[in-house]
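Participant: Count along the sequence shown from 1, add 2, and you get the number used in full-length UniProt numbering. Note that CB positions come from ideal geometry on N, CA and C, so glycine has one too. No experiment lies behind these values; they were computed from the predicted model shown. There's a structure below that I have some questions on.
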Amino acid sequence: RSEKIWLTLSFGMIMAFMIFAGYQAFALEMGPPSHGERIDPQKVDQTAPFDQPGIKQIGENEYEVVMTLQVFSFTPSDIEVPAGSTVHFTLTSKDVVHGFQVAGTNINAMVMPGYVQKITQKFDKAGEYLVLCNEYCGAGHQLMGTTITVK
Ligand code: CUA
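What follows is the structure, given as structure tokens:
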């Protein structure tokens, strides 16, 4: 009798796992949450705007940051904006999946090779904002970080 219960239970577990795995494959098919533009990950350096990564002022208190992520760094790594700025990030990865998390903000995004990730964030408070990669990307993953300075 209890055997039957265990059989039913384990069958249920297997079914749940299969549904979950199927859902994950489906979600991946749909691409990352941004539904962003595609980019050839082999040609990031030759593809605008990533041929010129950096920070650019595009309005009063408004900046555009074009950034590439690669093992194990962020380019550019020296971002500085005045307090009260709105920053539009345009990101892509040159190799594997990285994360882009900015402490003290809601930014927590996946940056995938082949996709352009766009994020807008207003920085009201002055300070040093720690930028971390939160997707395991290899042996140097723990060292992959930088800061955004808000003055
Ligand atoms: Cu890049 Cu972890």
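Is the distance from the Cβ of V133 to the Cβ of G147 below 7 Å?
Facilitator: Result yes, Cβ atoms of V133 and G147 sit closer than 7 Å.
Participant: Measuring CA to CA, which of A50, I16 and T122 is closest to V89?
Facilitator: Minimum Cα distance to V89 is reached at T122.
Participant: Would you mind listing the beta strand (DSSP E) stretches within the segment 22 to 106 that are 3+ residues and don't spill past its ends, in chain order?
Facilitator: DSSP runs (the beta strand (DSSP E)) wholly in the segment 22 to 106: 56 to 61, 64 to 72, 75 to 77, 80 to 83, 87 to 95 and 100 to 104.
Participant: In this structure, how does DSSP classify S4 when only helix, strand and coil are distinguished?
Facilitator: Helix, per DSSP.
Participant: Using only alpha-carbon positions, find the residue among H100, G86 and S87 that is nearest to F76.
Facilitator: The option with the nearest alpha carbon to F76 is H100.
Participant: For the segment 124 to 132 against the segment 102 to 111, are there 3 or more C-beta pairs whose distance is under 8 Å?
Facilitator: With the cut-off at 8 Å, the segment 124 to 132 and the segment 102 to 111 touch.
Participant: For N110 and E5, what's the separation of their Cα atoms in angstroms?
Facilitator: So the alpha carbons of these two residues sit roughly 46 Å apart.
Participant: Given 6 Å as the limit, tell me if M15 has its C-beta closer than that to any heavy atom belonging to the ligand CUA.
Facilitator: For the ligand CUA, not one heavy atom lies less than 6 Å from the Cβ of M15.
Participant: Could you spell out the range, first to last residue, of the beta strand (DSSP E) harbouring F129?
Facilitator: Contrary to the premise, residue 129 reads as Gly rather than Phe in this sequence. Taken as a continuous stretch (DSSP letters only), the beta strand (DSSP E) holding G129 covers G129 to L134.
Participant: For G147, which three-state DSSP category applies?
Facilitator: Note: G147 maps to strand in three-state DSSP.
Participant: Check whether chain C comes within 7 Å of E5, counting only Cβ atoms and requiring the distance to be less than that.
Facilitator: The structure shown contains no chain C; it is built from a single protein chain.
Participant: Compute the minimum distance between the beta carbon of E82 and the heavy atoms of the ligand CUA, and state whether it is under 6 Å.
Facilitator: No, the Cβ of E82 stays beyond 6 Å of every heavy atom of the ligand CUA.
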